[in-house]
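Presented below is the structure to which this report refers.
Residue numbers (our numbering): 10 to 299.
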């Protein structure tokens with residue numbers, strides 16, 4: 010397999026989002042987006058209790074993209090204006106297609122707040138092409154045990170196929186665009202090569218640990234945690250220097266103008282204004298606070 014060369018590596022700096030302090034590997038001053046991925050937030054680990062619960066996001070709207078949550082630790086309650094209500098547990102994924110508009114709320118479950126515990130996860134914004142920005146909203150919740158898993162030859166690395174395909178093994182999530190999402194758990198010393206289409210933009214994000222990529226570049230917690238690849242090969246290789254958790258993402262670039270404001274991702278400022286108007290007029294549905 011011809012390895013993709015590394016385009017750039019980036020840190021995962023902390024930013025403040027209201028009362029929440031979280032990591033934001035992109036967008037940054039250096040990496041605006043990695044088409045089709047608009048934003049990646051790594052929140053937690055937070056210790057949640059009755060006296061400390063900043064991560065309780067009340068009802069808010071989205072339009073024009075797919076907000077995706079990969080929950081790493083803890084459990085969250087999801088509610089939305091389509092009538093869905095589900096408890097998302099560690100290892101689960103919730104994949105929301107906002108389309109023309111959805112209102113949702115999420116936060117630690119009452120049980121987690123009462124007994125105390127840790128919450129950690131990834132929030133990803135995946136863009137939709139212009140012809141799909143106004144499709145019907147949809148919600149998918151896939152549980153940890155439902156995903157297909159590929160194990161490395163040395164039995165030290167497990168790659169969970171969330172969406173897309175790897176070695177003719179397919180993901181549980183149905184996608185609107187050509188995209189891969191793999192969660193990788195690697196034990197120290199484990200080695201694995203992962204292939205994907207050379208028409209995709211690919212990136213590797215480290216949640217914990219330390220990993221050598223392509224035998225030359227290291228990503229490590231609190232140092233460079235994001236690796237973006239060029240489109241000049243068929244995949245990449247990893248070797249775990251410590252027990253590590255990584256998220257691999259790849260997707261066909263949409264290559265369209267992107268206009269963002271708050272919870273909306275559209276193609277123009279006019280469409281953003283229309284989104285704000287439609288939300289105020291109740292066209293994205295309704296979700297009570299409790």
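For each residue, glycine too, the CB sits at the ideal point set by N, CA and C.
Reference residue 191, options 203, 185, 197, closest by Cα: Position 182 of the chain shown, counted from the first residue, corresponds to residue 191. Of the residues 203, 185, 197, the one whose Cα lies closest to the Cα of residue 191 is 203.
Can you list the beta strand (DSSP E) stretches of 3 or more residues lying completely in the stretch 116-171, in chain order? Correct list: 126-136, 147-151, 157-160.
According to DSSP, residues forming a beta bridge with residue 25: Residue 25 sits at position 16 when you count from the first residue of the chain shown. Beta-bridge pairing by DSSP links residue 25 to 30.
Between residue 156 and chain D, is the shortest Cβ-Cβ distance under 8 Å, so that the two count as touching? Protein chains in the displayed structure number just one, and chain D is not present.
Can you tell me the Cβ-Cβ gap for residue 76 and residue 296, rounded? I've got them flagged as a contact below 8 Å. Working through the chain shown from its first residue, we reach residue 76 at position 67. Working through the chain shown from its first residue, we reach residue 296 at position 287. In fact, because the Cβ distance is near 15 Å, the residues do not count as touching under 8 Å.
Determine the contact status of residue 171 and residue 180, defining contact as a CB-CB distance below 8 Å. If you number the chain shown from 1, residue 171 lands on position 162. If you number the chain shown from 1, residue 180 lands on position 171. Yes, these two residues count as a Cβ contact at 8 Å.
Go ahead and pull the three-state DSSP assignment for residue 88. As a working mapping, residue 88 is identified with position 79 in the chain shown. The answer is strand: DSSP assigns residue 88 an E or B state.
Which of the three DSSP states is assigned to residue 286 in this structure? Walking along the chain shown from the start, residue 286 turns up at place 277. For residue 286, the three-state secondary structure derived from DSSP is helix.
Would you mind working out which of 186, 218, 159 sits nearest residue 177, comparing C-alpha positions? Looking up residue 177 in the chain shown gives position 168. Measuring from the Cα of residue 177, the nearest candidate turns out to be 159.
Per DSSP, cross-strand counterpart(s) of residue 236: If you number the chain shown from 1, residue 236 lands on position 227. Partner(s): 18, 213.
Can you list, in chain order, the residues of its chain whose CB lies under 7 Å from that of residue 256, leaving out five sequence neighbours each side? Counting from 1 along the chain shown, the entry for residue 256 is found at position 247. For residue 256, the CB contacts under 7 Å within the same chain, skipping 5 residues up- and downstream, are 79, 131, 192, 214, 216 in chain order.
Three or more C-beta pairs under 8 Å: does that hold for the stretch 19-35 against the stretch 91-99? These segments do not touch.
With burial defined as no fewer than 16 other Cβ atoms inside 10 Å of the residue's Cβ, what is the status of residue 197: buried or exposed? In the chain shown, residue 197 corresponds to position 188, counting from 1. Exposed: under 16 other Cβ atoms inside 10 Å.
In the DSSP output, which residue or residues are listed as bridge partners for residue 244? If you number the chain shown from 1, residue 244 lands on position 235. Residue 244 is bridged to 12, 204.
By how many angstroms is the C-alpha of residue 168 removed from the C-alpha of residue 118? The count along the chain shown starts at 1 and reaches residue 118 at position 109. The count along the chain shown starts at 1 and reaches residue 168 at position 159. Residue 168 has its alpha-carbon roughly 28 Å from the corresponding atom of residue 118.
Using DSSP bridges, identify the partner residues of residue 219. Position 210 of the chain shown holds residue 219. Assignment of beta-bridge partners to residue 219 by DSSP yields 229.
Starting from residue 95, follow the beta strand (DSSP E) in both directions and report where the run begins and ends. Residue numbering aside, residue 95 sits at position 86 when the chain shown is read from its first letter. Unbroken beta strand (DSSP E) run through residue 95: 94-98.
Thinking C-beta only, is residue 82 closer than 8 Å to residue 40? For the purposes of this step, residue 40 is taken as residue 31 along the chain shown, with counting starting at 1. For the purposes of this step, residue 82 is taken as residue 73 along the chain shown, with counting starting at 1. No. Outside cutoff.
Would you give the residue range spanned by the beta strand (DSSP E) that residue 57 belongs to? Numbered from its first residue, the chain shown carries residue 57 at position 48. Per DSSP, the continuous beta strand (DSSP E) segment holding residue 57 begins and ends at 46-57.
Tell me, which residues are paired with residue 268 by DSSP? In the chain shown, the residue the question calls residue 268 occupies position 259. For residue 268, which the question treats as bridged, DSSP gives the partners 275.
The beta strand (DSSP E) with residue 190 in it runs from where to where? Counting from one through the chain shown, the residue named residue 190 turns up at place 181. Per DSSP, residue 190 belongs to the beta strand (DSSP E) from 188-195.
Beta-carbon proximity list for residue 239, same chain, < 8 Å, skipping 5 on both sides: Numbered from its first residue, the chain shown carries residue 239 at position 230. Once the five neighbours on either side are set aside, the close Cβ partners of residue 239 are 13, 14, 15, 16.
Assuming residue 296 is part of the beta strand (DSSP E), what are its boundary residues? Counting from 1 along the chain shown, the entry for residue 296 is found at position 287. Counting along the chain, residue 296 falls outside any beta strand (DSSP E), and DSSP gives it neither H nor E.
Would you report the Cα separation of residue 258 and residue 54, rounded to the nearest angstrom? Mapped onto the chain shown, residue 258 falls at position 249. Mapped onto the chain shown, residue 54 falls at position 45. Straight across, the Cα-Cα distance linking residue 258 with residue 54 is about 21 Å.
Can you give me the start and stop residues for the beta strand (DSSP E) that residue 259 sits inside? Stepping through the chain shown from its first residue, residue 259 is reached at position 250. Note, residue 259: beta strand (DSSP E), 253-260.
Quick check on the burial criterion: 16 or more other C-beta atoms within 10 angstroms. Buried or exposed for residue 24? Numbered from its first residue, the chain shown carries residue 24 at position 15. It is exposed - the Cβ of residue 24 has fewer than 16 other Cβ atoms within 10 Å.
Residues that residue 64 bridges to, as DSSP identifies them: Residue 64 sits at position 55 when you count from the first residue of the chain shown. According to DSSP, residue 64 bridges with nothing at all.
Would you mind giving the Cβ-Cβ distance between residue 138 and residue 56, rounded to the nearest angstrom? I have them listed as a contact below 8 Å. Taking the first residue of the chain shown as position 1, residue 138 is located at position 129. Taking the first residue of the chain shown as position 1, residue 56 is located at position 47. Incorrect: roughly 40 Å between the Cβ atoms, too far for contact.
Which residues in the same chain have their Cβ closer than 7 Å to the Cβ of residue 146, if we skip the five residues on either side of it in sequence? Translated into the one-based positions of the chain shown, residue 146 becomes position 137. The beta carbon of residue 146 lies closer than 7 Å to those of 91, 106, 107, 108, 109, 110, 111 in the same chain, with the five residues before and after it left out.
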